[in-house]
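Chemist:
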Amino acid sequence: MQEKITSLEEAIAPIRDGDVVALQIMATYAAPMTLVRELIRQKKKDLGLVVLIGGIAVDWLANAGVINRLIGAAVTMEQFGLCQQYRKAVEQGRIRVEEISESVLNARLGAGARGLPFLTTRGAIGTDLMKENSDNMKMLDDPFGGMPVMACRALVPDFALIHAHRADRYGNIQYEPGARWPDLAIMPKAAKHVVVTAEEIVDSEVLRRHPERTILPGFKVDAVVEVPNGAHPTSFFPNYGYDTQFHREWTSVSRNDEKATEFIDRYIRSPASQSEYLELIGGEERLEYLKEWEGKR
Amino acid sequence: MQEKITSLEEAIAPIRDGDVVALQIMATYAAPMTLVRELIRQKKKDLGLVVLIGGIAVDWLANAGVINRLIGAAVTMEQFGLCQQYRKAVEQGRIRVEEISESVLNARLGAGARGLPFLTTRGAIGTDLMKENSDNMKMLDDPFGGMPVMACRALVPDFALIHAHRADRYGNIQYEPGARWPDLAIMPKAAKHVVVTAEEIVDSEVLRRHPERTILPGFKVDAVVEVPNGAHPTSFFPNYGYDTQFHREWTSVSRNDEKATEFIDRYIRSPASQSEYLELIGGEERLEYLKEWEGKR
Amino acid sequence: MSLNWENSPATADYSIEELVITVLAEQFNNGEQATNGMGSFIPVAAFMLAKKTHAPDLIWLASSIGLECRPERIPASTLEAPLWRDSIMYLEQYSDFWDLVQNNWINKFCVGAGQLDQYGNANNSVIGGSDYHRPKVRLPGTAGLADLCSLNKKLYYWNLNHSPRSLVEKVDFISGAGYLDGGDARERLGLGDGPQLVVTNLAVMDFHPDSKRMRLKSVHPGSTVEEVQQATGFELLIPEEGVPNTRVPTQAQISLIRDVIDPDGMRNK
Amino acid sequence: MSLNWENSPATADYSIEELVITVLAEQFNNGEQATNGMGSFIPVAAFMLAKKTHAPDLIWLASSIGLECRPERIPASTLEAPLWRDSIMYLEQYSDFWDLVQNNWINKFCVGAGQLDQYGNANNSVIGGSDYHRPKVRLPGTAGLADLCSLNKKLYYWNLNHSPRSLVEKVDFISGAGYLDGGDARERLGLGDGPQLVVTNLAVMDFHPDSKRMRLKSVHPGSTVEEVQQATGFELLIPEEGVPNTRVPTQAQISLIRDVIDPDGMRNK
Numbered sequence: 001m002q003e004k005i006t007s008l009e010e011a012i013a014p015i016r017d018g019d020v021v022a023l024q025i026m027a028t029y030a031a032p033m034t035l036v037r038e039l040i041r042q043k044k045k046d047l048g049l050v051v052l053i054g055g056i057a058v059d060w061l062a063n064a065g066v067i068n069r070l071i072g073a074a075v076t077m078e079q080f081g082l083c084q085q086y087r088k089a090v091e092q093g094r095i096r097v098e099e100i101s102e103s104v105l106n107a108r109l110g111a112g113a114r115g116l117p118f119l120t121t122r123g124a125i126g127t128d129l130m131k132e133n134s135d136n137m138k139m140l141d142d143p144f145g146g147m148p149v150m151a152c153r154a155l156v157p158d159f160a161l162i163h164a165h166r167a168d169r170y171g172n173i174q175y176e177p178g179a180r181w182p183d184l185a186i187m188p189k190a191a192k193h194v195v196v197t198a199e200e201i202v203d204s205e206v207l208r209r210h211p212e213r214t215i216l217p218g219f220k221v222d223a224v225v226e227v228p229n230g231a232h233p234t235s236f237f238p239n240y241g242y243d244t245q246f247h248r249e250w251t252s253v254s255r256n257d258e259k260a261t262e263f264i265d266r267y268i269r270s271p272a273s274q275s276e277y278l279e280l281i282g283g284e285e286r287l288e289y290l291k292e293w294e295g296k297r
Numbered sequence: 001m002q003e004k005i006t007s008l009e010e011a012i013a014p015i016r017d018g019d020v021v022a023l024q025i026m027a028t029y030a031a032p033m034t035l036v037r038e039l040i041r042q043k044k045k046d047l048g049l050v051v052l053i054g055g056i057a058v059d060w061l062a063n064a065g066v067i068n069r070l071i072g073a074a075v076t077m078e079q080f081g082l083c084q085q086y087r088k089a090v091e092q093g094r095i096r097v098e099e100i101s102e103s104v105l106n107a108r109l110g111a112g113a114r115g116l117p118f119l120t121t122r123g124a125i126g127t128d129l130m131k132e133n134s135d136n137m138k139m140l141d142d143p144f145g146g147m148p149v150m151a152c153r154a155l156v157p158d159f160a161l162i163h164a165h166r167a168d169r170y171g172n173i174q175y176e177p178g179a180r181w182p183d184l185a186i187m188p189k190a191a192k193h194v195v196v197t198a199e200e201i202v203d204s205e206v207l208r209r210h211p212e213r214t215i216l217p218g219f220k221v222d223a224v225v226e227v228p229n230g231a232h233p234t235s236f237f238p239n240y241g242y243d244t245q246f247h248r249e250w251t252s253v254s255r256n257d258e259k260a261t262e263f264i265d266r267y268i269r270s271p272a273s274q275s276e277y278l279e280l281i282g283g284e285e286r287l288e289y290l291k292e293w294e295g296k297r
Numbered sequence: 001m002s003l004n005w006e007n008s009p010a011t012a013d014y015s016i017e018e019l020v021i022t023v024l025a026e027q028f029n030n031g032e033q034a035t036n037g038m039g040s041f042i043p044v045a046a047f048m049l050a051k052k053t054h055a056p057d058l059i060w061l062a063s064s065i066g067l068e069c070r071p072e073r074i075p076a077s078t079l080e081a082p083l084w085r086d087s088i089m090y091l092e093q094y095s096d097f098w099d100l101v102q103n104n105w106i107n108k109f110c111v112g113a114g115q116l117d118q119y120g121n122a123n124n125s126v127i128g129g130s131d132y133h134r135p136k137v138r139l140p141g142t143a144g145l146a147d148l149c150s151l152n153k154k155l156y157y158w159n160l161n162h163s164p165r166s167l168v169e170k171v172d173f174i175s176g177a178g179y180l181d182g183g184d185a186r187e188r189l190g191l192g193d194g195p196q197l198v199v200t201n202l203a204v205m206d207f208h209p210d211s212k213r214m215r216l217k218s219v220h221p222g223s224t225v226e227e228v229q230q231a232t233g234f235e236l237l238i239p240e241e242g243v244p245n246t247r248v249p250t251q252a253q254i255s256l257i258r259d260v261i262d263p264d265g266m267r268n269k
Numbered sequence: 001m002s003l004n005w006e007n008s009p010a011t012a013d014y015s016i017e018e019l020v021i022t023v024l025a026e027q028f029n030n031g032e033q034a035t036n037g038m039g040s041f042i043p044v045a046a047f048m049l050a051k052k053t054h055a056p057d058l059i060w061l062a063s064s065i066g067l068e069c070r071p072e073r074i075p076a077s078t079l080e081a082p083l084w085r086d087s088i089m090y091l092e093q094y095s096d097f098w099d100l101v102q103n104n105w106i107n108k109f110c111v112g113a114g115q116l117d118q119y120g121n122a123n124n125s126v127i128g129g130s131d132y133h134r135p136k137v138r139l140p141g142t143a144g145l146a147d148l149c150s151l152n153k154k155l156y157y158w159n160l161n162h163s164p165r166s167l168v169e170k171v172d173f174i175s176g177a178g179y180l181d182g183g184d185a186r187e188r189l190g191l192g193d194g195p196q197l198v199v200t201n202l203a204v205m206d207f208h209p210d211s212k213r214m215r216l217k218s219v220h221p222g223s224t225v226e227e228v229q230q231a232t233g234f235e236l237l238i239p240e241e242g243v244p245n246t247r248v249p250t251q252a253q254i255s256l257i258r259d260v261i262d263p264d265g266m267r268n269k
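Chains as they are written, first to last, in the working numbering: chain E, 1 to 297; chain H, 1 to 297; chain U, 1 to 269; chain X, 1 to 269.
1. Quick one: which chain E residues come within Cβ less than 9 angstroms of D142 (chain U)?
2. Is the beta carbon of R108 (chain H) less than 9 angstroms from the beta carbon of L155 (chain H)?
3. Cβ of E78 (chain H) less than 9 angstroms from any chain U Cβ?
4. Within this structure, are the beta carbons of L67 (chain U) and I74 (chain U) separated by less than 9 angstroms?
5. Quick check: is the beta carbon of D57 (chain U) nearer than 9 angstroms to any beta carbon in chain H?
6. In the DSSP assignment, the alpha helix (DSSP H) including I254 (chain X) goes from what residue to what residue?
7. Given that Q102 (chain X) touches chain E, what residues does it touch there, using C-beta distances under 8 angstroms?
8. Can you tell me whether S7 (chain H) is buried or exposed? The criterion is at least 16 other CB atoms within 10 Å of its CB, across all chains shown.
9. What residues from chain X crowd round W293 (chain H), counting only those whose CB sits closer than 8 angstroms?
10. By alpha-carbon positions, which one of H:P117, H:L116, H:L278, H:N172 ends up nearest to Q2 (chain H)?
11. Select from the region 140 to 157 of chain H all residues with a C-beta closer than 7 angstroms to any C-beta belonging to chain E, and list them in chain order.
12. Output the distance between the C-alpha atoms of S175 (chain U) and K108 (chain U), rounded to the nearest integer angstrom.
13. Counting only beta-carbon separations shorter than 9 angstroms, does L207 (chain H) have a partner in chain U?
14. Sorted by chain position, which residues of the same chain lie with C-beta nearer than 7 angstroms to R138 (chain X)'s C-beta, five sequence neighbours on each side aside?
15. Taking only beta-carbon positions, decide if G66 (chain U) is within less than 9 angstroms of chain H.
16. Return the bridge partner residues of C110 (chain X) from the DSSP annotation.
17. Just the chain U side, please: which residues come within less than 9 angstroms of G235 (chain E) by C-beta, in chain order?
18. Would you please verify whether the beta carbon of W98 (chain X) is less than 9 angstroms from any beta carbon of chain E?
19. Measure the alpha-carbon distance for S2 (chain U) versus M48 (chain U) and round it to whole angstroms.
20. Taking only three categories from DSSP, how would you classify E98 (chain E)?
21. For a test of the three-state rule: what should DSSP assign to A25 (chain X), helix, strand or coil?
22. Let me make sure I understand the geometry here. Which of H:K4, H:V50, H:E10, H:M33 has the alpha-carbon closest to that of D19 (chain H)?
23. Show which residues of chain E have a CB atom less than 8 angstroms away from the CB atom of P135 (chain U).
24. Mind checking whether C110 (chain U) and S64 (chain U) have CB atoms under 9 angstroms apart?
25. In chain order, what residues of the same chain have a beta carbon less than 7 angstroms from the beta carbon of E288 (chain H), not counting five sequence neighbours either side?
26. How should A12 (chain U) be labelled, buried or exposed, when 16 other C-beta atoms within 10 angstroms of its C-beta is the threshold for buried?
27. Are any of the Cβ atoms in chain E nearer than 9 angstroms to that of K189 (chain H)?
Written as structure tokens, this is what we have:
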């Protein structure tokens, strides 16, 4: 079998400026944050970012000038508030937003995943989203005489970036039972290339114990990197919760461009590795604390 | 919460002659066979049957005159051969077949489940299935200028019949990890009413231990009946395998109308209950044997 | 749970958030299926309160994931696993959730909006600016609001900042379809149900059955019809028969909210 | 597994089923993803043989469910759990499988058909009779064949009953699209790839690259070109340069089939 294990540098290197990159993330939930930092470290630019509900990652990418367009349903850090760097970039015209609703994004990525030119929804009908996205959303009559539907054009990202609980060296990817948001289910299937970080690389025999937990077959995955705590500061259940303190540290500076850039220099550009990053954010003690998330059973 | 537990008789009684009934079944795999027998016992007639891959159940329903049309992708008992009673009924014009392929059936039921007038596929294009089903399969241009697709009209069965590993009394339904064929995933969501047999009724707390194994919420289910071995003679992994001997007993008579009817009198019309049926097919000894299916781990 | 909520007396000791929660809670009943979005501490509190009082058999789907969950209390996020603790089912999102939602098996949605207009159209996208791509304020975005608004849901809005800026004559951008231009405009697009109620820090509004214009239903104790009208960016319909005061919470409701449902005070965040 | 299959000598001790299995096995290679349908003991044996000899890195999806499964031997059914034992992934059918198939991540399919015609169109639906609804013979039905035939797959057919009734000029019903009327008919509908090979008890056929008519590729030892033509319901293309004999199995292949892969002889059922 083809080996898929590589380094962070090599996993992200093939992404070219201008590419469309789909990112697993739901506000403060389960994002491949180490890959996001690597995008910044490698000074990618002019990327189009696809998110369902983008969080802190979008703010960082906006500050660092990595993205110039966003296709998604929302960008917010939920209880930590709006993404101010992103918001400012949009208001200043540095990021162009193609806002679509969740069912439209699901239909667009679903069509991309299935090799169909479009899929349909009855969501978002009557909204102004349709006017602003007429290239990708069109009303279509039912050939059987029923209600018209909205056709949503297939979206095929160049890359999807994913974080998972475990993988084997051939790129088979497993995810623990729990909430599975559509970004996880559909983005990697729609994308041409898939880059995965996993909390641990295990022997394939471990995966075979729970084949129903495997969410992507190795042949659909380009690169796998073992990155413990690779979703920090977002949550990654059941392993760890989101980092409240770290989110607050960001929001305390995120309205100020200079301070925001200092933050990114400190936490993203300076550490030479994931372990240096983890030391910076508080090391073993902090990581242990995050394992004891609220309501853990 | 509304209680959904009832008897076999009451669960099946609401099905009216002429209704469209979707049946979970894949050749010899996981069918709600006790419900199938109850359809025969209650002398339902003129039902339209929806199956992905129908097996012995279709043969029985054909012999008993319960169904007069079938919407499905195939009918076969795989290594036990063709369903001869069904085949004869079709050849004699007693059952009308609307044959569609798997991706078309998935699209039709998927549209029914989602409340959309149609869904699309690129499967089956160029086949004669399209000619024979032009009411439900139409080529549709891509409004974005890509390849045309086939629109498949929504199918909303009146009832779906399902067998599951466990349920609570409120109709929440669980299924163990393993193969999940599309009949299970999509038929009950598309149907107006859902009747479920379960190997066991458990306290809701048991379901809460593995919420990812719940496949249907109680509010989508009309009736639940506890029926241990309710899939016999089909397989129901990991609980038990299919009954080879019993399938062979059927195929040894199924080309002969009279003998086939005798078989159905003996095994379906005579036993007054599931436990009488289980005694007839060999009782505890036989059931224990079936638990030790080939390749069990 | 054993509080005698049914005969509990009204209390004057409540916050505006608590009043809004009790008004919303009354909208959700046994035998219904309702869900909330993210950043939804108020709706989550309302669902939890409803289940602990008049509607123990309300089916609450937490944040589109966790069916009949039982969080010990409202956690610090409404889009994270602690909320859907002890669920009886996780709805797989891509098919399970969107199937059940589109086919209207889940039929009530409680949500907030940056702007609402006189026909209940909602805006969570952009405010002001020269055009859509150069807005004055970029809001979070529609998320699932655009979908749920068009998918025949009964919609319950809350707004803790009743002002001419949040309740406007016409939203800058329709991210969620209300009654559009009013009358039968929504119906003509084949969209069922729609906005039912708007509960703010000052008042409760519903919509006129024919014109679909927003109508004052009750004013909270301490507010007047005139104050509410002044704080609203368009002319509210005022029923001729007069506008009653909003029913205030009972002692039992307040105790449940403060001691059981939300001891950490997430409703005030 | 440790058999020296690469240098194993040919053997005359083989059955027709075993020959068909070895010919099919050669079609599947490292780095490819292939699947089978139900009632598919011959394809399953071919995949298992390929993986144990020249193609250990062939990715075999058993019956559209079990990825990289490791059954100890061929079980009594190819549509039941014993086949997909030890899988590394169960493909959820409604989305995972059909997504990966439609988007051509799974690109080879080995299957049988009741009838095949000169352009590789397949019939598993109805034979003869007055019309489609009163057939002389009702076959099982298309199952997933209609889909996989139209979804840009490379198709490998087997047929253990080479006769004018199973290899016909024109199928009574197209349940799986081959090259339709030949030439560019398939391409014009936007359908990629298509039938590659037909392996029967008498011979191996492929398709002419331009006309798409079925062409004799090799005849099995003991058969002649004339016999094959007589057993075929239409005129086969015969290459001018002559038709070689089909390569016979090696001792190592036969040992693997008989002793390891299929000791229960499911291939003969």
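The beta carbon of each residue, even a glycine, is placed where N, CA and C say it ideally should be.
Modeler: Well, looking at it:
1. It is worth fixing the name first, because residue 142 (chain U) is Thr in this sequence and not Asp. The answer, in chain order, is A73, A74, E99, I100, S101, E102, A124, T127, L129.
2. yes
3. no
4. no
5. yes
6. 251 to 255
7. R114, G115, L116
8. exposed
9. A81, P82
10. H:N172
11. L140, D142, P143, F144, G146, M147, V149, A151, R153
12. 18 angstroms
13. yes
14. V126
15. yes
16. X:N36, X:Y156
17. The residue you asked about is not Gly; residue 235 (chain E) is Ser in the sequence shown. Near S235 (chain E) (Cβ distances below 9 angstroms), the residues of chain U are S77, E80, A81.
18. yes
19. Residue placement at S2 (chain U) is flagged as unreliable, the pLDDT there being 45, under the threshold of 50; a coordinate-derived value is accordingly withheld.
20. strand
21. helix
22. H:V50
23. V90, E91
24. no
25. none
26. exposed
27. no
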